[in-house]
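In the working numbering, the protein residues as written are 151 to 516.
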């Protein structure tokens, strides 16, 4: 698994969200993020950064630019209020829990890591209400593939129950309404849909086919359309319409496969008119317009942007105000900041920060 881009996934989200190589959080409000966190798989740490309110630039926190996590942290997310953070630790089958300092954004361990009871927790997401968290367990064949947790008044997780998925679920995302959860199965090449009950438990809705190496799922800001990255080159992005949580293949069913392409994560601008896909195979970001039917079309003002010195881009997140995007480059172990134009094109701002070893995802916190 370590360093294997076939397993790279993307959150959302959404949103936060989420988004890519690992699961992301959900931000319920469009306030500017004050801090950012990156899960570092090889270092067993989470890098932490402050974010400039005006320029969006990231700066490593001092005195501690990173905090310990469990073994092989694969995904970090935060609750919508920016009070708590959670990290899925792939190797030791736990989720680390943290409080977020309201002034500095620094992480402090909150209780002890919670055992997932399932192998290979790889992605964690929080619903828009901040009441529930969901973890994809990629080491499972099917049973206990996704686990649901309640979030207590002090931010601690309590297991609600687990649900069957396809084999090797690599990602989990919650839609913007907080009604539905989507989990892609790389082993079965499909996406599983669930509804969220009033207790936070998941109820199966259905399963829809996807492409080879299904890695991540993103839902657009309107909640009408969903997209799955297919990471086995030549890569593509599957496209779906959403009705009462159920997914149906859109037309076309996927973007045109591209030789050597490994699409790893997808994020939208704040309007939902534009989408961005990181490509670890071609070291670029694909730029799309989102059509009236949800179909992705290459942006005529620039279909791609090179990641330059950033290699193996595996995750992208857009800040809630829609001004900036941040890309995690797994190969060069950096996060690069981009500005977003009114026409949906990205331009590197010149701000790059180092991460720890083998970074997988980034999340922004209000």
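Don't be surprised by glycine CBs; every beta carbon is placed ideally from N, CA and C.
Can the beta-carbon of residue 271 be found closer than 8 Å to that of residue 238? yes
Burial state of residue 180, where buried means 16 or more other Cβ atoms lie within 10 Å: Residue placement at residue 180 is flagged as unreliable, the pLDDT there being 45, under the threshold of 50; a coordinate-derived value is accordingly withheld.
Run through DSSP, which three-state label would residue 240 get? coil
Straight-line gap, residue 469 to residue 514 (C-alpha atoms, nearest Å): 7 Å
Since residue 223 and residue 256 should fall inside the 8 Å C-beta cutoff, what is the C-beta to C-beta distance between them, to a whole number of angstroms? Rounded, the Cβ-Cβ distance is 17 Å, inconsistent with contact.
Considering only the beta carbon of each residue, do residue 395 and residue 347 sit closer than 8 Å? no
Inter-stretch contact (C-beta, 8 Å, three-pair minimum) for the segment 183 to 199 and the segment 211 to 219: yes
Straight-line Cα distance separating residue 275 from residue 501: 27 Å
Pairwise C-alpha distance: residue 252 and residue 403: 44 Å
Considering only residues of the segment 416 to 440, which uninterrupted alpha helix (DSSP H) runs meet the minimum length of 4 residues and lie entirely inside it, listed in chain order? none
Could you name the residues of the same chain whose beta carbon sits closer than 7 Å to that of residue 432, not counting the 5 residues immediately before and after it, in chain order? 410, 411
Return yes when the Cβ of residue 366 is within less than 8 Å of the Cβ of residue 321, no when it is not. yes
CB-CB length for residue 297 against residue 285, believed under 8 Å: 5 Å
If you measure between the beta carbons of residue 512 and residue 476, is that distance less than 8 Å? yes
Let's test the definition: count the other Cβ atoms within 10 Å of the Cβ of residue 504 and tell me whether it reaches 16, buried, or not, exposed. exposed
Along the chain, where does the beta strand (DSSP E) containing residue 210 start, and where does it finish? 208 to 210
Which class does residue 480 belong to by DSSP, given the choice of helix, strand or coil? coil
With the cut-off set at 8 Å, would you say residue 465 and residue 405 are in Cβ contact? no
Residue 352 to residue 331 span [Cα, whole Å]: 8 Å
Pick helix, strand or coil for residue 275, following the three-state DSSP scheme. strand
In this structure, does DSSP put residue 253 in helix, strand or coil? coil
Which of the three DSSP states, helix, strand or coil, is assigned to residue 442? coil
Measure the CB-CB distance between residue 247 and residue 261 and report whether it falls below 8 Å. yes
I believe residue 438 touches residue 447 by the beta-carbon criterion, under 8 Å. Please report the beta-carbon distance rounded to the nearest angstrom. 6 Å
Beta-ladder partner(s) of residue 565, from DSSP: No information on residue 565 is available, as it lies outside the stretch 151 to 516 that the chain covers here.
Decide if residue 335 is buried, meaning its Cβ has at least 16 other Cβ atoms within 10 Å, or exposed. buried
Determine, using beta carbons only, whether residue 245 and residue 307 come nearer to each other than 8 Å. yes
Spatial neighbours of residue 281 in its chain, beta-carbon cut-off 8 Å, leaving aside the 5 residues before and after: 300, 301, 350
Who are the Cβ neighbours of residue 452 in its own chain at under 7 Å, not counting the five residues just before and after it? 437, 495
Which whole-angstrom value is the C-beta distance of residue 413 and residue 443, which I expect to be below 8 Å? That pair is no contact at about 20 Å.
Thinking just about the alpha-carbon of each residue, which of 210, 192, 221, 183 is nearest to the one in residue 204? 183
Per DSSP, which one or two residues make a beta bridge with residue 230? Paired residues: none, contrary to the question.
Secondary structure of residue 180, DSSP reduced to three states: Because residue 180 carries a pLDDT of 45, less than 50, the predicted location of this residue cannot be relied on, and no value is offered for it.
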